[in-house]
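2 protein chains.
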Amino acid sequence: MPAAAPLPKALAFDVFGTVVDWRTSVTRESAGFLAQIGEDPEDAAAFADAWRAQYIAAMVGMRKSGRAFAVLDVLHREMLEAALRERGVDPAGLAEDLLAEWNRAWHRLDPWPDTVEGLTRLKARFPIVTLSNGNIALLLNMARRAGLPWDAILGAEVSGTYKPDPKAYLHTAEALGIAPLELCLVAAHHGDLAGARAAGLLTAYVDRPDEYGGAPAPDAHYEQAWEWSATSFVELADQLGC
Amino acid sequence: MPAAAPLPKALAFDVFGTVVDWRTSVTRESAGFLAQIGEDPEDAAAFADAWRAQYIAAMVGMRKSGRAFAVLDVLHREMLEAALRERGVDPAGLAEDLLAEWNRAWHRLDPWPDTVEGLTRLKARFPIVTLSNGNIALLLNMARRAGLPWDAILGAEVSGTYKPDPKAYLHTAEALGIAPLELCLVAAHHGDLAGARAAGLLTAYVDRPDEYGGAPAPDAHYEQAWEWSATSFVELADQLGC
């Protein structure tokens, strides 16, 4: 932790992978749904990875695509159907209720073991908000289920654009009534932090080595010296004097 | 309480007057600022009323005005300066820091005595969100100071339009992923509830007889039989089975 870094006025959190363990949760849910449609539940982790890989590719290309903003629940559903087609399953042959519930697996992600304790400590000193590509309903349902004590749910849906568009970072600071350099993004992803830094935010890295089930992170090449770096939210709370 | 009313899936709250006692708080703050500029602090309640009266008139006319959306902090500041000019005080002669702090009085409003207990009980069963014309920074600062346990801060800034524009109500339901009839507006104002009902929402009235310091409410003529009616958030929690 560089001693010279000024403390932020608020903390904004990436969510998928940083706050919650999407892979374990989506794998668990997908195993059940795969079994229901006669597919091998043993493939659930690979299916979760395939679903998430589409997301990562889509976010990077979203700005260039010219597509009007659609909330992540809509995009997740399109990606679910594409991931099924990749397996040779025609989603048109599946019940709408099943597909809708499968898609809502992203509303039911479990936090990392240190998440709730760390957020609670950080919230005592700093406003804590989401800066996620997840939509409001998704993040609200997740927060109520997992006990995430957000002060506000901000991010893509409120800003009308997805990270890594600089507007997603800048609009979040503006909505909080503070300057970009007074807002710190907390994320487990070097690519996200690089986007925040390019927009003028402070940055805090939290290591989540199990996010990809041991596979390397797709954005490791963005690694830099961030203002803070911790192995858990509890350690970050220590570093920020909470 | 009509026995036939279906329970909502989420509760959205008007804030100024319903959740917090704006008049007592803005009067207290304005007394200090009036004294600082050499004006009579005894006029603070009348000054608070004059400031708020401008707000009520502005919100009703906002849609017709054609003005691009600006957050309430910006409008409150314009109204503060107008209220000062009405008193014969030229705001151009006052320090910027003083005006900015005076304007932030709206971030420091005290809750009604039953607010925090009632919200906490209601939150155990229902998602609770703001559906306020206040901007995100204002509502977040207010919530942290007063201990208001919102699940999300929604309303004008997220919807890009002010109540009573139907879009403000409809967009809030959409952001929560529910139908308008699954969302209940909780408000102390018959005009606001009439707007919510016209947009298809459920409605719960909470009586706040002290909001205007004993003066009649400006929107009393909109009174109707709402789905629920209570004298406090605690009583509303009883009615909704919380």
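Same order as they appear, the protein sequences are chains A and B.
Using numbering that gives the first Met the number 0, the first residue of the first sequence is number 0, and each one after it goes up by one.
Using numbering that gives the first Met the number 0, the first residue of the second sequence is number 0, and each one after it goes up by one.
Just so you know, even glycine gets a beta-carbon here, dropped at the ideal spot from N, CA and C.
Note that this is a predicted model, so its numbers are computed, not measured.
Check: Sub-8 angstroms separation of L246 (chain A) and W21 (chain A) beta-carbons; Outcome: Since the first residue shown for chain A is 0 and the last is 241, residue 246 (chain A) is missing from the structure and cannot be characterised.
Check: Beta carbon of A186 (chain B) nearer than 8 angstroms to that of L180 (chain B); Outcome: no
Check: Whole-number beta carbon distance between N134 (chain A) and L71 (chain A), since they are thought to touch under 8 angstroms; Outcome: 5 angstroms
Check: Min CB distance R144 (chain A) to chain B below 8 angstroms; Outcome: no
Check: Alpha helix (DSSP H) runs wholly inside the segment 142–200 of chain B, at least 4 long, in chain order; Outcome: 155–158, 165–174 and 189–197
Check: Under 8 angstroms (Cβ pairs) to chain A, residues found in the segment 94–107 of chain B; Outcome: none
Check: Rounded straight-line distance, which links the Cα of A195 (chain A) to that of A195 (chain B); Outcome: 38 angstroms
Check: Option in B:A214, B:T171, B:E222 and B:A52 with minimal Cα separation from G190 (chain B); Outcome: B:E222
Check: Stretch pair the segment 19–38 of chain A + the segment 92–110 of chain A: three plus CB contacts closer than 8 angstroms; Outcome: yes
Check: Inter-stretch contact (C-beta, 8 angstroms, three-pair minimum) for the segment 155–170 of chain A and the segment 54–70 of chain A; Outcome: yes
Check: Euclidean distance between Cα positions of S228 (chain B) and S131 (chain B); Outcome: 19 angstroms
Check: Chain-ordered chain B contacts of G240 (chain A) [CB-CB under 9 angstroms]; Outcome: What G240 (chain A) touches in chain B: nothing, since even the nearest Cβ is about 18 angstroms away.
Check: Cutoff 7 angstroms; reference C241 (chain A); Cβ partners in own chain excluding five residues on either side; Outcome: R120, L121, A123 and R124
Check: C-alpha distance - P163 (chain A) paired with L138 (chain B), whole-angstrom precision; Outcome: 27 angstroms
Check: Cβ of I36 (chain B) within 8 angstroms of any chain A Cβ; Outcome: no
Check: Near-chain B residues of the segment 164–197 of chain A - C-beta to any C-beta below 7 angstroms; Outcome: A174, L175 and G176
Check: Burial state of A47 (chain A) (16 or more Cβ within 10 Å); Outcome: buried
Check: Reference L201 (chain B), options B:A224, B:D209, B:F32 and B:R207, closest by Cα; Outcome: B:A224
Check: Candidates A:C183, A:E234 and A:D209, of which the one nearest E226 (chain A) by Cα; Outcome: A:C183
Check: Euclidean distance between Cα positions of M0 (chain B) and Q238 (chain B); Outcome: Note that M0 (chain B) scores 48 on pLDDT, short of 50, meaning its location in the model is unreliable; the coordinates nonetheless yield the value given after this. For M0 (chain B) and Q238 (chain B), the distance between alpha carbons rounds to 7 angstroms.
Check: DSSP three-state assignment for P90 (chain A), whether helix, strand or coil; Outcome: helix
Check: Option in A:H106, A:A11, A:P126 and A:I177 with minimal Cα separation from R144 (chain A); Outcome: A:H106
Check: Beta-carbon neighbours of D48 (chain B), restricted to chain A and to distances below 9 angstroms; Outcome: Ordered by position in chain A, no residue passes the 9 angstroms Cβ test against D48 (chain B), which lies about 26 angstroms from the chain.
Check: DSSP state of V115 (chain A) mapped onto helix, strand, coil; Outcome: helix
Check: T230 (chain B) classed as buried or exposed, judged by whether at least 16 other C-beta atoms fall within 10 angstroms; Outcome: exposed
Check: Three CB pairs or more closer than 8 angstroms across the segment 93–106 of chain B and the segment 32–45 of chain B; Outcome: yes
Check: Burial state of G65 (chain A), where buried means 16 or more other Cβ atoms lie within 10 Å; Outcome: exposed
Check: Closer than 8 angstroms to chain B by CB, V255 (chain A); Outcome: There is simply no residue 255 (chain A) to check, as chain A begins at 0 and stops at 241 in what is shown.
Check: C-alpha distance - L83 (chain A) paired with A136 (chain A), whole-angstrom precision; Outcome: 24 angstroms
Check: Bridge partner(s) assigned by DSSP for I127 (chain A); Outcome: A:L10
Check: Range of the contiguous beta strand (DSSP E) that encloses S228 (chain B); Outcome: W227 to A229
Check: Contact set between the segment 61–74 of chain A and chain B, restricted to residues whose Cβ is under 9 angstroms from the partner; Outcome: V70 and D72
Check: Alpha carbon of A236 (chain A) to alpha carbon of L10 (chain A), nearest angstrom; Outcome: 11 angstroms
Check: Where the segment 127–151 of chain A meets chain B: residues whose CB sits under 9 angstroms from a CB there; Outcome: V128, N134, I135, A136, L137, L138, L139, N140, A142, R143, P148, W149, D150 and A151
Check: Contact under 8 angstroms by Cβ, T129 (chain B) with F232 (chain B); Outcome: no
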